[in-house]
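If you read the sequence shown in the working numbering, its first letter stands for residue 12, the second for the next number, and so on.
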Amino acid sequence: MTGTAFTVCGVGYRVGGARILDDVTLDIAYGRVLALVGPNGAGKSTLLGILTGDVAPSAGEVLLDGRPLRNWSTRELARTRAVLLQANHVAFSFSAGDVIEMGRAPWIGTERADADEQLIADATARADVAHLTGRDYPSLSGGEKARVSLARVLAQDTRIVMLDEPTAALDLRHQEEVLRIARDLAARGRAVVVVLHDLSLAAAYADDVAMVDAGCLVALGAPADVLTEERIGAVYGTPVRVIADLDTGRPVVLPRRSA
Ligand code: ADP
Ligand code: MG
């Protein structure tokens, strides 16, 4: 898998009179991790929803593998992209193991179902949730739910993986682990789109950073080019200092505080 997964061209989204997204244009490539950043309410989840095909844009077009997204069937999409939503609601009382198994549903009746057991085991280990599979999903902590849902996404074994704030509820080690998983997926040719609030985490692990502000894509490029003090200060409305990580040289974003 090389080349372009998504071509997003002039995409806009309006609800009533409100402009949620305006004229967003970008390509999303296989084999790379794209971090989607921006303040609360900027339009990140809406853009992700447009990429998943769950939200129809009110302007512009999205191509997936060169074909208009609106022409893809639900089943084709389920075999092509896996999505971790911001809120992991499960309506019924499933076990965590059941939730992970749901990731294999799109492959029922196909040759790839032969790999179900192995993929579920791998995903469970990778997301560090083996000790949780027997638990009632609703009884899990927010972070545990997020990791079980990540295992479900990994078990789906798709060439595109989209994660909306996967680290929001996670402790330090698991935050790092999720981004290492994202990197591994990209190394295996998958396209990974991940919404993050932690700009240092985005800078450390993403190939590309897309910054969204008030529905507009205000910057797209390498972390060091996008995550400048000036831009972050302006977009987030709070002063920051950007330093280079001592080990990696990647940007680290620190809020500026008065002494
Ligand atoms: P983000 O994920 O960047 O925090 P969202 O994409 O969830 O932001 O939302 C962007 C903005 O659009 C927010 O102000 C949100 O309240 C608004 N919004 C999203 N969906 C709808 C909708 N269906 N109706 C009205 N407003 C919406
Ligand atoms: Mg969101």
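Backbone N, C-alpha and C define an ideal beta-carbon position, used for all residues, glycine too.
query, result
"4 or more residues per run - each alpha helix (DSSP H) lying fully within the segment 109-142", "127-137"
"Euclidean distance between Cα positions of Ala180 and Ala157", "7 Å"
"Nearest to Gly71 (by Cα), restricted to the options Gly21, Leu212 and Glu112", "Gly21"
"Residues proximal to the ligand ADP by C-beta, any heavy atom closer than 6 Å", "Val26, Ala29, Ile31, Gly49, Asn51, Gly52, Ala53, Gly54, Lys55, Ser56 and Thr57"
"Sheet register partners of Thr259 (DSSP bridge)", "Paired residues: none, contrary to the question."
"Residue nearest to Leu32 in terms of C-alpha spacing, selected from Ile192, Val229 and Tyr148", "Val229"
"Coarse secondary structure for Leu210, derived from DSSP in three states", "helix"
"Beta-carbon proximity list for Thr135, same chain, < 7 Å, skipping 5 on both sides", "Ile111, Ala141, Thr144 and Ala162"
"heavy atom of the ligand FMN below 7 Å from Gln97 C-beta", "Summarising the ligand content, the structure contains the ligand ADP and the ligand MG and does not contain the ligand FMN."
"Unbroken alpha helix (DSSP H) run spanning Tyr247, endpoints", "Glu240 to Tyr247"
"Rounded distance between the beta-carbons of Val205 and Ala193, thought under 8 Å", "6 Å"
"For Val223 and Gly54, believed in contact at Cβ under 8 Å, the rounded distance", "5 Å"
"Ala217, DSSP secondary structure in three states", "coil"
"Classification of Glu122 by the beta-carbon crowding that lies within 10 angstroms, buried from 16 upward", "exposed"
"8 Å Cβ cutoff met for Ala166 and Ile131", "yes"
"Candidates Leu88, Asp168 and Tyr247: closest to Gly114 by CA position", "Asp168"
"Sheet register partners of Ser152 (DSSP bridge)", "Its beta-bridge partners do not exist; DSSP assigns none."
"Sufficient close CB pairs (3 or more, under 8 Å) joining the segment 49-67 to the segment 232-241", "no"
"Contact set for Arg146: own chain, Cβ-Cβ below 6 Å, skip 5 residues either direction", "Ala107"
"Every unbroken alpha helix (DSSP H) inside the segment 16-70 [4 residues or more]", "55-63"
"Cβ-heavy atom distance, Asp175 to the ligand MG, below 7 Å", "yes"
"8 Å Cβ cutoff met for Arg201 and Arg170", "yes"
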